[in-house]
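Protein sequence lines, in the order shown, are assigned to chains X and D. So that you can map any letter, position 59 of the first sequence is 59 in our numbering, and since no number is skipped, the others follow by simple counting. So that you can map any letter, position 161 of the second sequence is 461 in our numbering, and since no number is skipped, the others follow by simple counting. Notes follow the structure.
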Amino acid sequence: MRGKLSGAVGRLATLRLVAHRFAFLSLVAAAFLLMILGKADILLIERTRVMVVDGLAPILDVMARPASAVAEIVEHVRELAALRAENARLKAENLRLQHWETVARRMQNENAVLHEQLNFVPDPDPAFITARVIGDLDSALGQSMLLNAGARDGVRKGQAVLSGETLVGYIVDVGDRSSRLLLLTDINAHLPVMVESSRTRAILSGDNKDRPKLSYVAGSPNIQVGDRVVTSSSGAAFPPGLPVGVVASVTDGTARIEPYVHRYDLDYVAVVDYGLGGILPFTDKPPPPPPSRRRGGAEN
Amino acid sequence: MDTWLRHFVPFSVTLTLLLLTAIPTRFSGFAGITPMLPLMGVYYWAIYRPDLLPAWAAFALGLLHDIVSGSPLGVNALVLLMVQGVTVSQRRFFLAKTFMVAWWSFALLAGAALGLSWLLVGVIRHHASDPAPVMFEYLATLGLFPLLTWTLARTQMAFLKDV
């Protein structure tokens with residue numbers, strides 16, 4: 001009797017072990033299946049992904065607030081420590097800027113006169129939304145961030161994301177109340193740009209390093225360290241002339257760009273709707289048609 | 301009811317660790333380094349309460365990590381699942397050992413885990429990313445291990461002493 005019972009218990013234990021192994025192996029298989037499915041860009045998976053992030057957004061939003069406050073305090077302390085050096089630097093910069101102000105005023109007057117003579121149609125002011133960064137995970141293997149604004153706030157796929165006047169990335173996923181910002185340094189980020197001084201066109205390609213590189217450089221380039229890089233109108237993705245960064249190094253013909261804004265500087269960003277197609281034309285809803293023809297589109 | 305809630309502690313603590321890593325830090329020196337806190341959570345509970353953080357929970361946490369971080373789906377799910385599986389299978393070895401042994405074993409396991417995720421992301425994106433940030437991430441994770449283990453042990457004593 002006893003032997004029979006322990007035999008049954010033994011069999012049950014074996015059965016449980018087998019079931020356990022089977023469950024584990026199915027989970028491993030599920031993980032691999034997800035990797036393959038994720039690669040195929042299936043809409044359902046994308047939707048689910050966006051929905052889950054949307055659900056977590058309020059929690060992340062609340063958690064990001066104290067972190068933001070702490071970062072601010074640390075920043076203040078750091079600023080206090082470097083006050084003298086900073087002051088000297090600012091004085092020198094102020095002198096330089098005063099000179100530039102004179103130049104700019106002269107240019108502005110000249111520009112106004114020229115505008116009048118040419119009957120120039122000015123670019124309309126674009127609509128924008130200010131959003132806060134609420135999630136930033138896995139920075140070693142990817143360069144994207146979550147923002148606390150989504151479709152209900154007017155964010156659309158492909159819109160430009162600016163910090164101050166500088167382009168930092170664009171929107172790739174939009175949930176109802178959250179969206180994902182792809183930084184220009186990400187491996188998937190490609191952006192038509194030009195070198196301002198020589199008007200050389202190129203594609204800015206991220207590769208998950210701090211400094212993205214210039215690829216597909218048009219013509220015979222003469223790119224110098226220190227050249228400003230701005231967006232170009234190619235592809236009608238973004239309006240031309242948005243500052244991106246400066247050329248930091250040119251080695252073996254590959255130029256690398258130091259962005260004006262780094263990911264750790266980002267707290268509040270502006271999501272801007274230029275009315276152009278954006279860099280990702282495959283939006284769920286087509287973007288509203290541009291209210292008037294603009295230079296960015298007309299040039300192509 | 302109370303017991304049921306307490307049994308939920310390991311999962312929710314590890315979930316909190318995951319959300320903590322997602323907080324944007326704006327310190328220039330630490331940019332790009334996020335310690336793998338959920339990895340430590342999964343490791344700890346796999347040793348001490350594998351019944352309360354089973355394989356599917358590790359899988360779910362990993363999947364959530366993939367979703368929040370925007371990394372390819374399934375990568376962290378597989379990594380955390382593997383960490384859970386390996387740790388549970390070696391549980392008897394860990395239980396009687398000193399803290400240094402646990403730390404050392406974690407170093408091996410976390411190295412393998414981060415290496416695996418680096419490799420998988422590289423294969424899926426057809427691009428081997430710079431391993432340096434991953435190395436820093438690894439060192440930061442190891443450095444935080446004692447503090448986190450202490451916190452988790454405190455949590456276990458507080459909530460799961462008798463249940």
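Quick reminder that beta carbons are idealized off the backbone N, C-alpha and C, glycines included. Keep in mind that this is a model prediction, so the values were computed, not measured.
Just the Cα atoms here: how many angstroms apart are A428(D) and V379(D)? Computed Cα separation, rounded: 18 Å.
First and last residue of the beta strand (DSSP E) that includes T254(X)? Segment T254 to P259, the beta strand (DSSP E) holding T254(X).
Does any CB atom of chain D fall closer than 9 Å to the CB of S68(X)? Interface residue, yes.
Rounded to whole angstroms, what's the CA-CA distance from V386(D) to D302(D)? Just pull it up for me. Distance from the CA atom of V386(D) to the CA atom of D302(D), rounded to whole angstroms, is 31 Å.
C-beta contact flag for N222(X) and D186(X) at 9 Å: Not closer than 9 Å, so no.
Quick check: the segment 39–54 of chain X against the segment 366–381 of chain D, are at least 3 beta-carbon pairs closer than 8 Å? The answer is yes - the segment 39–54 of chain X touches the segment 366–381 of chain D, with three or more Cβ pairs under 8 Å.
Could you please give me the residues that DSSP links to K213(X) through a beta bridge? The partner list for K213(X) (beta bridge, DSSP) reads S205(X) and R256(X).
Neighbouring residues, chain D, relative to N208(X) (Cβ below 7 Å): Those are S429 and D430, listed as they occur along chain D.
Quick check on this structure: which residue in G150(X), S198(X), M145(X) and R201(X) has the alpha carbon closest to the alpha carbon of L184(X)? Sorting G150(X), S198(X), M145(X) and R201(X) by C-alpha distance to the C-alpha of L184(X) places M145(X) at the top.
Consider the Cβ of L37(X): report whether some Cβ of chain D lies at a distance smaller than 9 Å. With a threshold of 9 Å between beta carbons, L37(X) makes contact with chain D.
Buried or exposed for E101(X), please, with buried defined as at least 16 other CB atoms from any protein chain shown within 10 angstroms of its CB. Burial call: exposed.
Count the other CB atoms within 10 Å of the CB of A346(D); is the residue buried (16 or more) or exposed (fewer)? When all chains shown are included, A346(D) counts as buried.
Any beta carbon of chain X sitting closer than 9 Å to that of A410(D)? In terms of beta-carbon proximity, A410(D) stays away from the interface with chain X, with every pair separated by 9 Å or more.
So, helix, strand or coil for D41(X), using DSSP? D41(X) carries a coil assignment under DSSP once its states are collapsed to helix, strand and coil.
Distance, Cα to Cα, R11(X) vs T455(D)? Taking the straight line joining both Cα atoms gives about 37 Å.
Pull the bridge partners of P124(X) from the DSSP assignment, please. In DSSP, P124(X) forms no bridge with anything.
Proximity below 9 Å, CB of G169(X) to CB of A151(X): No.
Using the C-alpha atoms, what's the distance from D173(X) back to L191(X)? If I take the Cα positions, the gap works out to 17 Å.
Nearest-angstrom Cβ-Cβ length linking F445(D) and I333(D), presumed shorter than 8 Å: Not quite, the Cβ-Cβ distance comes to about 15 Å (not below 8 Å), so this is no contact.
Given F24(X) as reference, the closest of W356(D), A360(D) and M340(D) once Cα atoms are compared: Taking only the C-alpha atoms, the option nearest F24(X) is W356(D).
Would you identify the three-state DSSP class for D273(X), choosing helix, strand or coil? Here D273(X) sits in strand by DSSP.
Would you mind giving the Cβ-Cβ distance between G206(X) and V229(X), rounded to the nearest angstrom? I have them listed as a contact below 8 Å. Not quite, the Cβ-Cβ distance comes to about 13 Å (not below 8 Å), so this is no contact.
Straight-line CA distance for W304(D) to F459(D)? Taking the straight line joining both Cα atoms gives about 11 Å.
I need the DSSP call for P335(D), collapsed to helix, strand or coil. It is coil, neither helix nor strand.
Name the residues in the segment 342–376 of chain D whose C-beta lies less than 9 Å from a C-beta of chain X; which are they? Of all residues in the segment 342–376 of chain D, those with a C-beta nearer than 9 Å to a C-beta of chain X are P354, A355, W356, A358, F359, G362, L363, L364, H365, D366, I367, V368, S369, G370, S371, P372, L373, G374, V375 and N376, reading in chain order.
F22(X), buried or exposed, once every other Cβ within 10 Å from all chains shown has been counted against 16: Exposed, since its Cβ has fewer than 16 Cβ neighbours within 10 Å.
Which word fits K179(X), buried or exposed, when buried means at least 16 other C-beta atoms lie within 10 angstroms of its C-beta? Looking at the sequence itself, residue 179(X) is Ser, so the reference to Lys does not match. Under this definition S179(X) is a buried residue.
Step through the CB atoms of chain D and report whether any lies within less than 9 Å of the CB of Y216(X). Using a CB distance cut-off of 9 Å, Y216(X) does not count as an interface residue toward chain D.
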